[in-house]
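Chemist:
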Amino acid sequence: MAPLVYRPIPQPQMFHTDGINSVAFSPAGRRLASAGNDYSVKVWSFPESQLLHSVRTPAAALSLSWYDESELLCGLANGTMLRICEDGAEIMVHLYEGDEYPIEHLSIAKNGSRLAAGGNDTITVWRRKSESAQSSNGFDADNVLILPPPPKSYPSADKPIFVTAIHWFGPEDTQILAGYLTHGIVIWDVVLSSEHPVATALSSWKLPISVIAHVSLSPNHDTYAVADFDESFTTYRYPSNIEIHHFENEERETGIPIRSQFIHGGEILLGGNSQGQMSLWGSRRGTLLQTLSHEVRAPVRAFSARFDSAKEIFWIATAACIPGQRCEVTLWKAWDSDQPMGLRSQDIKKSYSEYSLCVPSLSSSSK
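Written out as structure tokens, the structure reads:
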């Protein structure tokens with residue numbers, strides 16, 4: 001089997017007039033959504049890349065998560081969450097007003113019954129209304145659970161709390177793995193079935209690095225990757241928290257929050273940098289497999305990956321953006337190639353499951 005190499009397919013028509021903070025493939029892959037600092041969310045057909053819907057938002061759009069093929073959630077810089085529902089050629093937009101903290105992270109449980117949203121020092125958990133209710137009812141805004149602060153310990157006890165990652169966790173997605181800037185990683189047990197929802201910290205731990213810019217989680221939850229502010233990533237085994245590999249970008253700057261994502265069934269770690277590059281490392285051997293380079297030397301703020309099982313095609317969507325300037329989406333498609341630096345067949349898993357993420361805005365959230 002020939003190696004696979006990702007090659008760019010520029011999409012100049014897929015753009016925002018300011019930085020793109022998030023891109024996300026829909027579950028079935030027929031849509032690609034993008035969220036930007038230009039106060040808009042756009043929904044594109046895929047792979048045709050035609051604009052289907054453009055939604056004007058009251059603040060910069062920071063995060064995206066698809067509930068299903070026709071329902072998209074978006075977190076805004078002013079604490080508002082949008083629920084965008086597609087009905088044929090029309091869309092309905094539902095607005096949930098929250099606190100003023102920016103919603104930089106959105107995570108939906110696998111069964112769709114729970115939503116976790118977070119930013120600054122707050123994580124909120126929303127429960128989906130009864131399946132018998134009309135879909136327009138969405139999530140229950142009257143019974144939102146606010147997670148308590150993470151356990152504090154020396155030397156970060158007096159430092160401000162800042163959420164840097166949210167993932168549903170555990171066999172039934174009843175737990176949340178949360179990353180905090182200086183307060184380590186916490187696994188919360190979330191109980192929503194009772195009259196009074198409650199969250200309890202099951203475990204928490206610190207890592208050798210002093211600050212956590214982001215945490216990504218493998219599909220089977222046995223490995224997690226932590227990004228620091230030096231544009232490097234370290235993978236750890238769960239639950240032993242033993243270090244597996246340390247990955248460093250060749251071109252990097254200090255102080256830039258960059259994220260990573262497990263793709264290809266967890267066999268590959270995809271990580272960005274501030275110079276318009278995405279690196280693909282083999283998560284088992286720690287080998288650099290390929291570097292994807294944008295024409296723009298700017299932070300890669302948003303990326304999403306999916307596997308088209310019907311056509312057996314791997315896709316990655318990315319955006320490298322300079323604040324205040326037009327930003328375009330780039331699609332990367334995996335092609336067969338004889339180049340030795342390609343992805344080796346043993347590093348590819350057909351059981352790839354989709355994960356998407358967003359990168360916090362590097363510019364001001366207000367205009």
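Heads up: the sequence shown begins at 1 in the UniProt record's numbering, then just goes up one per residue. Ideal Cβ placement from N, Cα and C applies to all residues, glycine included.
Taking E231 and I258 to be in contact with their CB atoms under 8 Å, please state how far apart those CB atoms are, rounded to whole angstroms.
Modeler: The count along the sequence shown starts at 1 and reaches residue 231 at position 231. The count along the sequence shown starts at 1 and reaches residue 258 at position 258. That pair is a contact at about 5 Å.
Chemist: Taking Cβ to Cβ, would you say V211 is nearer than 8 Å to L181?
Modeler: Counting from one through the sequence shown, the residue named residue 211 turns up at place 211. Counting from one through the sequence shown, the residue named residue 181 turns up at place 181. Cβ distance < 8 Å, so V211 and L181 count as in contact.
Chemist: Excluding the five sequence neighbours on either side, which residues of its own chain have a C-beta within less than 7 Å of the C-beta of Y67, listed in chain order?
Modeler: On the sequence shown, position 67 is the one that residue 67 refers to. So the qualifying residues of the chain are L73, I108, G112.
Chemist: Between which two residues does the beta strand (DSSP E) carrying D189 extend?
Modeler: Numbered from 1 along the sequence shown, position 189 holds the residue referred to as residue 189. Start and end: 184-191.
Chemist: From the DSSP output, in three-state form, read off H214 for me.
Modeler: Sequence index remark: in the sequence shown, residue 214 carries index 214 (1-based). In the structure shown, H214 adopts extended strand secondary structure according to DSSP, grouped into three states.
Chemist: Indicate whether W332 and W315 have their beta-carbon atoms separated by less than 8 Å.
Modeler: Sequence index remark: in the sequence shown, residue 332 carries index 332 (1-based). Sequence index remark: in the sequence shown, residue 315 carries index 315 (1-based). For W332 and W315, yes; Cβs fall inside 8 Å.
Chemist: Between the alpha carbons of R344 and P3, how many angstroms are there, rounded?
Modeler: Within the sequence shown, the letter at position 344 stands for residue 344. Within the sequence shown, the letter at position 3 stands for residue 3. Unreliable positioning characterises R344 in this predicted model, as indicated by a pLDDT of 45, which lies under 50. A coordinate reading is not provided.
Chemist: How do the region 9-26 and the region 34-44 stand: do at least 3 beta-carbon pairs fall below 8 Å, yes or no?
Modeler: Contact holds between the region 9-26 and the region 34-44, because three or more Cβ pairs, one in each stretch, are under 8 Å apart.
Chemist: Going by beta-carbon coordinates alone, are S283 and L292 separated by less than 8 Å?
Modeler: Position 283 of the sequence shown holds residue 283. Position 292 of the sequence shown holds residue 292. No, the pair does not count as a contact, with Cβ atoms beyond the cut-off.
Chemist: According to DSSP, what are the bridge partners of A201?
Modeler: On the sequence shown, residue 201 is found 201 positions in, with the first residue counted as 1. Paired residues: W188.
Chemist: Using the three-state DSSP reduction, which class does H294 fall into: helix, strand or coil?
Modeler: Here the question's residue 294 lines up with position 294 in the sequence shown. Coil.
Chemist: Please state if the CB of T330 and the CB of P58 are separated by a distance shorter than 8 Å.
Modeler: Taking the sequence shown and counting its residues from 1, the one referred to as residue 58 is at position 58. Taking the sequence shown and counting its residues from 1, the one referred to as residue 330 is at position 330. The Cβ atoms of P58 and T330 do not sit closer than 8 Å to each other.
Chemist: Under 7 Å Cβ to Cβ from E100, same chain only, skipping five residues before and after it: list those, please.
Modeler: The count along the sequence shown starts at 1 and reaches residue 100 at position 100. For E100, where only same-chain residues beyond five positions count, the Cβ hits under 7 Å are N78, G79.
Chemist: Tell me which residues share the same chain as V198 and place their Cβ nearer than 7 Å to its Cβ, disregarding the 5 neighbours each side in the sequence.
Modeler: Working through the sequence shown from its first residue, we reach residue 198 at position 198. Only V191 meet the Cβ criterion.
Chemist: Which residues in the same chain as residue 387 place their Cβ atom closer than 7 Å to its Cβ, once the five residues preceding and following it in sequence are excluded?
Modeler: The structure shown has nothing for residue 387, since the chain only spans 1 to 367.
Chemist: Grab the span of the beta strand (DSSP E) containing E328 for me, first residue to last.
Modeler: The residue given as residue 328 occupies position 328 in the sequence shown. Annotation: the continuous beta strand (DSSP E) that includes E328 extends over 327-336.
Chemist: Since I believe Y238 is in contact with H264 (beta carbons under 8 Å), could you give me their beta-carbon distance rounded to a whole number of angstroms?
Modeler: Residue 264 sits at position 264 when you count from the first residue of the sequence shown. Residue 238 sits at position 238 when you count from the first residue of the sequence shown. That pair is no contact at about 19 Å.
Chemist: Which same chain residues, not among the five before or five after Q13, have their C-beta less than 7 Å away from its C-beta?
Modeler: Taking the first residue of the sequence shown as 1, we reach residue 13 at position 13. So the qualifying residues of the chain are S49.
Chemist: In the DSSP assignment, what are the bridge partners of T318?
Modeler: Within the sequence shown, the letter at position 318 stands for residue 318. In the DSSP output, where bridge partners are listed per residue, T318 has F303, T330.
Chemist: Compare the beta carbon distance of G266 and H214 with 8 Å and say whether it is the shorter of the two.
Modeler: Taking the first residue of the sequence shown as 1, we reach residue 266 at position 266. Taking the first residue of the sequence shown as 1, we reach residue 214 at position 214. It is not a contact, given that the beta carbons lie outside the stated cut-off.
Chemist: Below 8 Å between beta carbons: does that hold for Q175 and I161?
Modeler: Position 175 of the sequence shown, counted from the first residue, corresponds to residue 175. Position 161 of the sequence shown, counted from the first residue, corresponds to residue 161. No, they are not a contact pair.
Chemist: Using the Cα positions of A310 and H196, report the straight-line distance between them to the nearest angstrom.
Modeler: Within the sequence shown, numbered from 1, the residue matching residue 310 stands at position 310. Within the sequence shown, numbered from 1, the residue matching residue 196 stands at position 196. Distance between the alpha carbons of A310 and H196 is about 44 Å.
Chemist: Taking the runs of the beta strand (DSSP E) that are 3 residues or longer, which of them lie wholly in the region 142-174?
Modeler: 163-169
Chemist: What whole-angstrom Cβ distance do W146 and T122 have, given they're in contact under 8 Å?
Modeler: Numbered from 1 along the sequence shown, position 146 holds the residue referred to as residue 146. Numbered from 1 along the sequence shown, position 122 holds the residue referred to as residue 122. For clarity, residue 146 is Ile in the given sequence; the question names Trp instead. Contact flag correct, Cβ pair sits at about 6 Å.
Chemist: By DSSP, does G79 sit in helix, in strand, or in coil?
Modeler: Taking the sequence shown and counting its residues from 1, the one referred to as residue 79 is at position 79. If DSSP states are grouped into helix, strand and coil, G79 belongs with coil.
Chemist: Which one of S260, N241, Q275 has the shortest CA to CA distance from E250?
Modeler: As a working note, residue 250 is residue 250 in the sequence shown. Residue Q275 is the option with its Cα nearest to E250.
Chemist: Alpha carbons only, please: which of L106, F307, C327, K206 is nearest the one belonging to R301?
Modeler: Counting from 1 along the sequence shown, the entry for residue 301 is found at position 301. For R301, the nearest C-alpha among the options comes from C327.
Chemist: Run through DSSP, which three-state label would H53 get?
Modeler: The sequence position of residue 53 within the sequence shown is 53, counting from 1. Under the three-state reduction of DSSP, H53 is assigned to strand.
Chemist: Give a yes or no on whether the C-beta atoms belonging to T235 and A227 are separated by under 8 Å.
Modeler: Taking the first residue of the sequence shown as 1, we reach residue 235 at position 235. Taking the first residue of the sequence shown as 1, we reach residue 227 at position 227. No, they are not a contact pair.
Chemist: Apart from the five residues just before and just after L280, which ones in its own chain have a Cβ nearer than 6 Å to its Cβ?
Modeler: In the sequence shown, the residue the question calls residue 280 occupies position 280. Closer than 6 Å at the Cβ level, and outside the excluded window around L280, lie I268, L270, L289, Q290.
Chemist: Quick one: give me the first and last residue of the beta strand (DSSP E) that L270 is part of.
Modeler: One-based indexing of the sequence shown puts residue 270 at position 270. Looking at the DSSP string, the run of the beta strand (DSSP E) that includes L270 is 268-272.
Chemist: In whole angstroms, what is the alpha-carbon distance linking F169 and R306?
Modeler: Numbered from its first residue, the sequence shown carries residue 169 at position 169. Numbered from its first residue, the sequence shown carries residue 306 at position 306. So the two alpha carbons sit approximately 20 Å from each other.
Chemist: Among Y39, M81, E86, which residue has its Cα nearest to the Cα of L52?
Modeler: What you label residue 52 is simply residue 52 of the sequence shown in a count that begins at 1. Residue E86 is the option with its Cα nearest to L52.
Chemist: Starting from I20, trace the beta strand (DSSP E) in both directions and tell me its first and last residue.
Modeler: Taking the first residue of the sequence shown as 1, we reach residue 20 at position 20. 20-25 is the span of the beta strand (DSSP E), which, as asked, contains I20.
Chemist: Beta-carbon separation of G138 and K129 under 8 Å?
Modeler: The residue labelled residue 138 in the question sits at position 138 within the sequence shown. The residue labelled residue 129 in the question sits at position 129 within the sequence shown. Yes, the Cβ-Cβ distance between G138 and K129 is below 8 Å.
Chemist: Beta carbon of I166, beta carbon of A116: below 8 Å?
Modeler: What you label residue 166 is simply residue 166 of the sequence shown in a count that begins at 1. What you label residue 116 is simply residue 116 of the sequence shown in a count that begins at 1. In this structure, A116 lies closer than 8 Å to I166 by Cβ.
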